[in-house]
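Trainee:
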Amino acid sequence: MADNAVQRQPNGLGMKQQALELHFSQVSYSLSGSTKGPGQILNEATGVFKSGRLTAILGPSGAGKSTLLNALAGFKLRGVSGQILLNGRPRDMSTFRKMSAYIAQDFVMLNLLTVEETLRISVNLKMLSSTPSQEKRRIIDEILDILQLQSCRRTLVKNLSGGEHKRLSIGIELVTNPPIMFFDEPTSGLDCVASYQVICHLQRLAHDGRIVVCVVHQPGSRLFQLFDDVVVLAHGEVLYAGEQREMLNTFASSGYICPQYYNPADFALEVCSQSSTVERCESLITQNKEYHCNTSNVVKLQVDEETALISVHRESCDFAHLRGKEQVGFWVQLRVLLHRHLRSMSRDLFAVQMRLLMHVVVALLLGVVYWQIGADAEKIVSNVSCLFFVILFVFAGNAMPSILLCMQDSAVFLREYYNGWYSLRAYYLSKVLADLPLQLTCPTMFISIGYFMTGQPSELHRFAMCWVICVLTAFIGHFIGVIAGSLFSMQLAIFLVPSATIPFLLFSGFFIRLNELSWFLRPICDVSFFRYVFEGLLRAIYGYDRGELECYAAMNYCYYKTGEQFLKDFHMEGDAFGWDLAALGMFMMLLLLAFFLTLTLVIRRALR
Numbered sequence: 010m011a012d013n014a015v016q017r018q019p020n021g022l023g024m025k026q027q028a029l030e031l032h033f034s035q036v037s038y039s040l041s042g043s044t045k046g047p048g049q050i051l052n053e054a055t056g057v058f059k060s061g062r063l064t065a066i067l068g069p070s071g072a073g074k075s076t077l078l079n080a081l082a083g084f085k086l087r088g089v090s091g092q093i094l095l096n097g098r099p100r101d102m103s104t105f106r107k108m109s110a111y112i113a114q115d116f117v118m119l120n121l122l123t124v125e126e127t128l129r130i131s132v133n134l135k136m137l138s139s140t141p142s143q144e145k146r147r148i149i150d151e152i153l154d155i156l157q158l159q160s161c162r163r164t165l166v167k168n169l170s171g172g173e174h175k176r177l178s179i180g181i182e183l184v185t186n187p188p189i190m191f192f193d194e195p196t197s198g199l200d201c202v203a204s205y206q207v208i209c210h211l212q213r214l215a216h217d218g219r220i221v222v223c224v225v226h227q228p229g230s231r232l233f234q235l236f237d238d239v240v241v242l243a244h245g246e247v248l249y250a251g252e253q254r255e256m257l258n259t260f261a262s263s264g265y266i267c268p269q270y271y272n273p274a275d276f277a278l279e280v281c282s283q284s285s286t287v288e289r290c291e292s293l294i295t296q297n298k299e300y301h302c303n304t305s306n307v308v309k310l311q312v313d314e315e316t317a318l319i320s321v322h323r324e325s326c327d328f329a330h331l332r333g334k335e336q337v338g339f340w341v342q343l344r345v346l347l348h349r350h351l352r353s354m355s356r357d358l359f360a361v362q363m364r365l366l367m368h369v370v371v372a373l374l375l376g377v378v379y380w381q382i383g384a385d386a387e388k389i390v391s392n393v394s395c396l397f398f399v400i401l402f403v404f405a406g407n408a409m410p411s412i413l414l415c416m417q418d419s420a421v422f423l424r425e426y427y428n429g430w431y432s433l434r435a436y437y438l439s440k441v442l443a444d445l446p447l448q449l450t451c452p453t454m455f456i457s458i459g460y461f462m463t464g465q466p467s468e469l470h471r472f473a474m475c476w477v478i479c480v481l482t483a484f485i486g487h488f489i490g491v492i493a494g495s496l497f498s499m500q501l502a503i504f505l506v507p508s509a510t511i512p513f514l515l516f517s518g519f520f521i522r523l524n525e526l527s528w529f530l531r532p533i534c535d536v537s538f539f540r541y542v543f544e545g546l547l548r549a550i551y552g553y554d555r556g557e558l559e560c561y562a563a564m565n566y567c568y569y570k571t572g573e574q575f576l577k578d579f580h581m582e583g584d585a586f587g588w589d590l591a592a593l594g595m596f597m598m599l600l601l602l603a604f605f606l607t608l609t610l611v612i613r614r615a616l617r
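Positions 10 to 617 (my numbering) are the ones given, in order, by the sequence shown.
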């Protein structure tokens, strides 16, 4: 009855997978073409992983465990040599990536989504659009049941415990029910109870018919007993690869006797770590190679046409093979990503909610300090200072928080992109569109409060021009922050954004008039967007036939009687607001292009 129930669920996670065997022989990896020596990380590693069995890769630090896992999972191609066969056939990387899942040690997820929302997004992006909604909900519920996450399905990811976070990372990859799963230190940072729970879940997944391989670091004896097979690495070479229960006998045959009641995993690590026993370990290494290189005793399983892998020459493997193909169309990707970005932003206290509050508070402070000075000819210089402060705040208030927003998404984007969840175009467009509401709301609130409190002219077209300038300034600041946050670390980005942009303030026309600059410095004004922002604001306030200004001086004498006189003195005469707008629009287009190129560079840099 149980078997029949499983058969009625063709996509069920508990369904027995088709038998697979991943055989690797003479797999080596070196840095910068090194052969023997410090640059040699792996040296002719040989072994086999079988479906239905949970395999542990064991070894001391620096033994090459993660490197071997990355090479076998297909995440490391350059510098890797050797033979990797799936069911006796050379693997095709694009097909192999579709049927395998790799869960890194630091599996980053968006902290401001719930467990259920995280799984739903994974389902919507990794399963075909034709999949019924009921089937998707069933899969989510089944994953939550298998990994015992029902009690925290509405808990934010940031509030999960370490064990729950590990199990959720497994659940995300279980959506497509992959027959091959790789885990890099799934018990890292967990206590013994949580570690045992996670490995128990992995054992259940393996016994359902999957190849499950994980790197473990110093497991306890109780934890070690859960593994069916073990691969022991030392100095980049495989000392032992086989059944866990036969490991101690194999070590004993080479002269390494494990004391009674001693943890076998600790004993294996001690053997691997003793530099004095490196030469004596040669017998273990030779014995392992002889056993696994004898392919006559390995039964090569047959697979159907859908699962079969075609032969591919190693030299044709490039980094394009590292990425799977998207399962849903562009518009579905855009809709899901846009919804995810908006939901995460709405829950972000510091980068979103505090930014909105900051714009309101600073706008009120600005209004109190510069109360009703906009119509006073005597205070026109102070009003210019007020407008310049508006520029500084709108730019910095949107550039610096955007660095934090970008830092949170970068690692998630790389993982999901290389797993084929969505295209670069979909992610890029969703980020641009998702940021629109915030980039419109913040400067709108700020200029709406500050404009009228400081007594600027009560004319709709002048307010509209100031609003457009502030919005463009916010967008420019935002994309400068996003680009810097994508390319550099947080500390470096926070240093570089003000350091690189503040010098351009000198050429805005506020600190020194444009006609007073030396001839060789004037071209810098043409590439300073602060100049067009400052010029546009002044023309919006004092240009376009504003006429005479009210003079409230004691002697009824004001140096600037009209706005045109002031603009001429600042070398900004002429109603050329459209030119300033066009220049800022061009800066926006360049930054949008730069952001797309930045994402492309980040993708390529992650492969190095």
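Idealized CB from N, CA, C, for every residue including glycine.
Predicted model only: the values in this text are computed from it and were never measured.
Would you say the stretch 271-279 touches the stretch 51-71, given that touching needs at least three Cβ pairs under 8 Å?
Mentor: yes
Trainee: Do you know how far the Cα of P273 is from the Cα of I266?
Mentor: 10 Å
Trainee: Quick one: is T609 buried, meaning 16 or more other Cβ sit within 10 Å of its Cβ, or exposed?
Mentor: exposed
Trainee: Buried or exposed: K641, going by 16 or more other Cβ atoms within 10 Å of its Cβ?
Mentor: The shown model of the chain, from 10 to 617, leaves out residue 641, and the question about it has no answer.
Trainee: Please report how far the alpha carbon of S37 lies from the alpha carbon of Y111, in whole angstroms.
Mentor: 20 Å
Trainee: Just mark K135 as buried or exposed, buried being the case when its beta carbon has 16 or more other beta carbons within 10 Å.
Mentor: buried
Trainee: Can the beta-carbon of I179 be found less than 8 Å from the beta-carbon of R219?
Mentor: no
Trainee: Starting from C560, follow the alpha helix (DSSP H) in both directions and report where the run begins and ends.
Mentor: Run containing C560: none; DSSP gives neither H nor E here.
Trainee: What are the boundary residues of the alpha helix (DSSP H) that G91 is part of?
Mentor: From DSSP, G91 is part of no alpha helix (DSSP H) but of the beta strand (DSSP E) over V89 to L95.
Trainee: On the three-state DSSP scale, how would you describe P410?
Mentor: helix
Trainee: Spell out the partners DSSP gives C223 in its beta bridges.
Mentor: A65 and F192
Trainee: Would you call the stretch 237-254 and the stretch 199-210 in contact, with 3 or more CB pairs under 8 Å?
Mentor: No, because fewer than three Cβ pairs between the stretch 237-254 and the stretch 199-210 fall closer than 8 Å, the two stretches do not touch.
Trainee: Which residue or residues does DSSP assign as beta-bridge partners of F58?
Mentor: L31
Trainee: So, for S230: in the same chain, excluding its five sequence neighbours on each side, which residues have a beta-carbon less than 6 Å away from its beta-carbon?
Mentor: Leaving aside the five residues that flank S230 on each side, the residues in its chain whose CB is nearer than 6 Å to its CB run, in chain order, N272.
Trainee: Considering only their Cβ atoms, is the gap separating R364 from L122 smaller than 8 Å?
Mentor: no
Trainee: Is it true that the stretch 425-435 meets the stretch 481-491, where meeting means three or more beta-carbon pairs spaced less than 8 Å apart?
Mentor: no
Trainee: Are the beta-carbon atoms belonging to A509 and R548 less than 8 Å from one another?
Mentor: no
Trainee: Report the rounded CA-to-CA distance for A384 versus S495, giving the unit in angstroms.
Mentor: 44 Å
Trainee: Please determine if the stretch 401-416 and the stretch 472-491 are in contact, where contact requires at least 3 C-beta pairs separated by less than 8 Å.
Mentor: The stretch 401-416 vs the stretch 472-491: in contact.
Trainee: Apart from the five residues on each side of it in sequence, which residues of its chain come closer than 7 Å, Cβ to Cβ, to S39?
Mentor: Contacts found: G48, Q49, I50 and G88.
Trainee: Give the straight-line distance between the Cα atoms of C161 and R176, rounded to the nearest whole angstrom.
Mentor: 12 Å
Trainee: Tell me whether G594 sits in a helix, a strand or coil according to DSSP, three-state version.
Mentor: helix
Trainee: Mind pulling the alpha helix (DSSP H) runs of 4 or more residues that sit fully within the stretch 189-277?
Mentor: 201-216, 230-233 and 256-262
Trainee: Please report how far the alpha carbon of A28 lies from the alpha carbon of L63, in whole angstroms.
Mentor: Looking at the backbone, the Cα of A28 and that of L63 are separated by about 14 Å.
Trainee: Starting from the C-beta of W430, find all residues in its chain whose C-beta is less than 6 Å away, skip the five residues before and the five after it, and write them out in chain order.
Mentor: L134, listed in sequence order.
Trainee: Let me see if you follow: with CB-CB separation under 8 Å, is M581 close to chain C or not?
Mentor: Going by chain labels, chain C is absent from the structure shown, which holds only one protein chain.
Trainee: Thinking just about the alpha-carbon of each residue, which of K85, S139 and V239 is nearest to the one in K59?
Mentor: V239
Trainee: Output needed for T164: all residues of its chain with C-beta closer than 7 Å, excluding positions within five of it in sequence on either side, in chain order.
Mentor: T123 and V124
Trainee: Identify the residues that DSSP records as bridge partners of R98: which are they?
Mentor: L95
Trainee: Within the same chain, show all residues whose beta-carbon is closer than 6 Å to that of L514, passing over the 5 residues directly before and after it, in chain order.
Mentor: By the criterion of a C-beta distance shorter than 6 Å, L514 is surrounded in its chain by F539, once the five residues flanking it on both sides are discounted.
Trainee: Between the Cα of V611 and the Cα atoms of Q336, A243, C415 and N52, which residue gives the shortest distance?
Mentor: That would be C415, whose Cα lies nearest to the Cα of V611.
Trainee: Taking the alpha carbon of Q659 as the reference point, which residue from V371, T463 and R129 has its own alpha carbon closest?
Mentor: There is no way to answer for residue 659, as the model of the chain reaches only from 10 to 617.
Trainee: Note down, in chain order, each residue of its chain lying with its Cβ closer than 6 Å to the Cβ of L94, except the 5 sequence neighbours on either side.
Mentor: H32
Trainee: Can you check which of these residues, V480, P466 and F192, is closest to D554 by C-alpha distance?
Mentor: Closest in alpha carbon position to D554, among V480, P466 and F192, is P466.
Trainee: Measuring straight from C-alpha to C-alpha, what distance separates L119 and Q574?
Mentor: 55 Å
Trainee: Given that a residue counts as buried once 16 or more other Cβ atoms are within 10 Å of its Cβ, and exposed if not, what is L447?
Mentor: The residue in question, L447, is buried, as its Cβ has 16 or more Cβ neighbours within 10 Å.
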